[in-house]
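K.L.:
Okay, handing you the structure first.
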Amino acid sequence: MQRMLQYCRRHWAAVSLLLAGGAGLCLFWAARGRRDWMDAWLQYVSMPYKRAVSALVDPLPFSVCEASVTVLILFVLFMIGRTVWLAVCRGRFRFGVLALHFCTAAVWIYLLVCAFWGTQYYGTTFAEKAGMTGGAVEVEDLAAVAEYFARQANATADTVPRDEDGVFAVSVEEILADSAGVYDAAATEYPCLDGPERSAKPAFYSKLMSAAGFTGYLCPLFGESTVNVDCPAVFLPVTIAHEFAHQRGVAAEQEANFCGIYASVTSGKAAYVYSGWVYGYVHLFNALYSVDTERAMETWQTLCPEARADIACNDAYWASWEGPVESLGETVYEGFLQSYDQELGMRSYGACVDLLVEKYLPLAG
């Protein structure tokens, strides 16, 4: 006990920070049930902070989040190497001190993620703000909307450039450069989606993202969207729109998918419009296939060869990355979602079909 007290006195700053971080996490966990508190935090602290910081990093041509993580990893490796060298060469065993500082840093990083992202899951949802129910749908309604999305994909398939194989051939640079104003129409209908324009950053580590099964992410500490630019570009526009939904305060993945699809198809930008229709169709097809395989295949037969080629190209790419790394990535992210009471986990990506059916059924008839 005496040695422990001496250790704490010697490293009082790190111990104090560790305790303060733990107290902050306890406060977050205790406050999760108070939606009014969460909404106030999001309105007056979290969203203003992220919009301010994202404005600072937006002009930079690279992902600040990626750069920060790279520096952090190099620093951790340096500290581990230095600690081992001191132990071997000078007999100074400081592994306990290193562990204390690492634990303190980890607790504070997690606390900041909870404060500036985890709180999003406990505020008022997009569906509630938009007056949508997102309830269960009838199979016939699901099929009707899937057929509608197939028709729209067919109608817009020839509005985008294609390569010699007939596959979507809009360049990554063009897609990234044309992202401004994607949410103009969507924000007019749903004012809660209004927000400052920000650019999406191409990921330097895109292949690592593919290995882990990710197409993009929002860094809550910088309010910055980073997207995978190695995978087929056909779904890059709607992925950017999905990440922009997160930047506008939409936390749940199924709602961000709906917002990304809706913003894309109403953007008036050919690549985004087509990407949104095809991406929406894929979600609707998968949902329909799970309950009525024959009807789902009927909608597939109505899809034009160009759209089928784009989907097949995307599927082949992701199939080439299947393996333990991708499975680990999905498991980790599913655990992350469930830690914030997102019980659907990765399956929540498919739940956007309820909102799509609610929104588009009147047009599908």
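Per the working numbering, residue 3 is the first one in the sequence shown, and the count goes up by one each step.
C-beta: ideal position from N, C-alpha, C; glycine also.
#1: Give the DSSP-derived three-state secondary structure of Thr228 in the structure shown.
#2: By the three-class DSSP mapping on this structure, what secondary structure does Leu357 have?
#3: Could you check whether the Cβ of Phe104 sits closer than 8 Å to any Cβ belonging to chain C?
#4: Excluding the 5 residues preceding and the 5 following Gly98 in the sequence, name in chain order all residues of the same chain whose CB lies nearer than 6 Å to its CB.
#5: Grouping DSSP H, G and I as helix and E and B as strand, with all else coil, what is Leu223?
#6: Starting from Pro204, follow its DSSP beta bridges and name the residues at the other end.
#7: Since Gly262 is in the alpha helix (DSSP H), which residue starts that stretch and which ends it?
#8: What three-state label does DSSP hand Phe64 in the structure shown?
#9: Take Pro307 and list the residues in its own chain whose beta-carbon comes closer than 8 Å to its own, dropping the five residues that flank it on each side.
#10: For Ala107, which residues of its own chain have a beta-carbon under 6 Å away from its beta-carbon, when the five flanking residues on both sides are left out?
#11: Using a 10 Å radius around the Cβ and a threshold of 16 neighbouring Cβ atoms, would you call Ile177 buried or exposed?
#12: Pull the bridge partners of Gly372 from the DSSP assignment, please.
#13: Would you grab the beta carbon distance between Val90 and Val174 for me? Rounded to a whole angstrom, and I think it's under 8 Å.
#14: DSSP three-state call for Arg96: helix, strand or coil?
#15: Compute the beta-carbon to beta-carbon distance between Pro239 and Tyr274, rounded to the nearest angstrom, for a pair I have assumed lies under 8 Å.
#16: Between which two residues does the alpha helix (DSSP H) holding Tyr46 run?
#17: Have a look at the DSSP bridge pairing and note the partners of Arg164.
#18: Output needed for Arg37: all residues of its chain with C-beta closer than 8 Å, excluding positions within five of it in sequence on either side, in chain order.
#19: Tell me the rounded alpha-carbon separation between Ala202 and Ala366.
#20: Can you tell me whether Cys1 is helix, strand or coil according to DSSP?
#21: Return helix, strand or coil for Tyr124, following the three-state DSSP convention.
#22: Among the residues of its own chain, which have a CB less than 6 Å from the CB of Ser56, if the five just before and after it don't count?
#23: Within 10 angstroms of its Cβ, does Thr135 collect 16 or more other Cβ (buried), or is it exposed?
#24: Rounded to the nearest angstrom, what separates Ala187 and Arg84 at their Cα positions?
#25: Are there 16 or more other CB atoms within 10 angstroms of the CB of Phe216, so buried, or fewer, so exposed?
#26: Considering only their Cβ atoms, is the gap separating Leu44 from Thr121 smaller than 8 Å?
#27: Mind the definition here: the segment 152-172 touches the segment 206-215 only if three or more C-beta pairs lie below 8 Å; say whether that holds.
#28: Is Val86 buried or exposed, if buried means 16 or more other CB atoms sit within 10 Å of its CB?
#29: Look up Cys105 in the DSSP assignment and say whether it is helix, strand or coil.
#30: Under 8 Å Cβ to Cβ from Glu360, same chain only, skipping five residues before and after it: list those, please.
#31: Contact between the segment 158-166 and the segment 298-313 is defined here as three or more beta-carbon pairs at a separation below 8 Å; is this criterion met?
#32: Hey, how far is the Cα of Val284 from the Cα of Gly218?
#33: Tell me the residue span of the alpha helix (DSSP H) that contains Leu21.
#34: In angstroms with no decimal places, state the Cα-to-Cα distance between Asp165 and Pro63.
#35: Can you round the beta-carbon distance between Val236 and Ser277 to whole angstroms, since I take them to be within the 8 Å contact cut?
#36: Taking DSSP as the reference, what is the three-state secondary structure of Met81?
P.N.:
The short version:
#1: strand
#2: helix
#3: The question asks about chain C, but that chain is absent: this structure has only one protein chain.
#4: none
#5: coil
#6: Val229
#7: 255-267
#8: coil
#9: Gly168
#10: none
#11: buried
#12: Since the first residue shown for the chain is 3 and the last is 367, residue 372 is missing from the structure and cannot be characterised.
#13: Not really, about 47 Å apart at Cβ, beyond 8 Å.
#14: coil
#15: 4 Å
#16: Per DSSP, Tyr46 belongs to no alpha helix (DSSP H) and is neither H nor E.
#17: Phe170
#18: Tyr124, Gly125, Thr126
#19: 32 Å
#20: This structure cannot settle anything about residue 1, because the visible part of the chain is limited to 3 through 367.
#21: helix
#22: Arg200, Gly225, Glu226
#23: exposed
#24: 55 Å
#25: buried
#26: yes
#27: no
#28: exposed
#29: helix
#30: Met134, Thr135, Gly136, Gly137, Val139
#31: yes
#32: 18 Å
#33: 14-33
#34: 28 Å
#35: 6 Å
#36: helix
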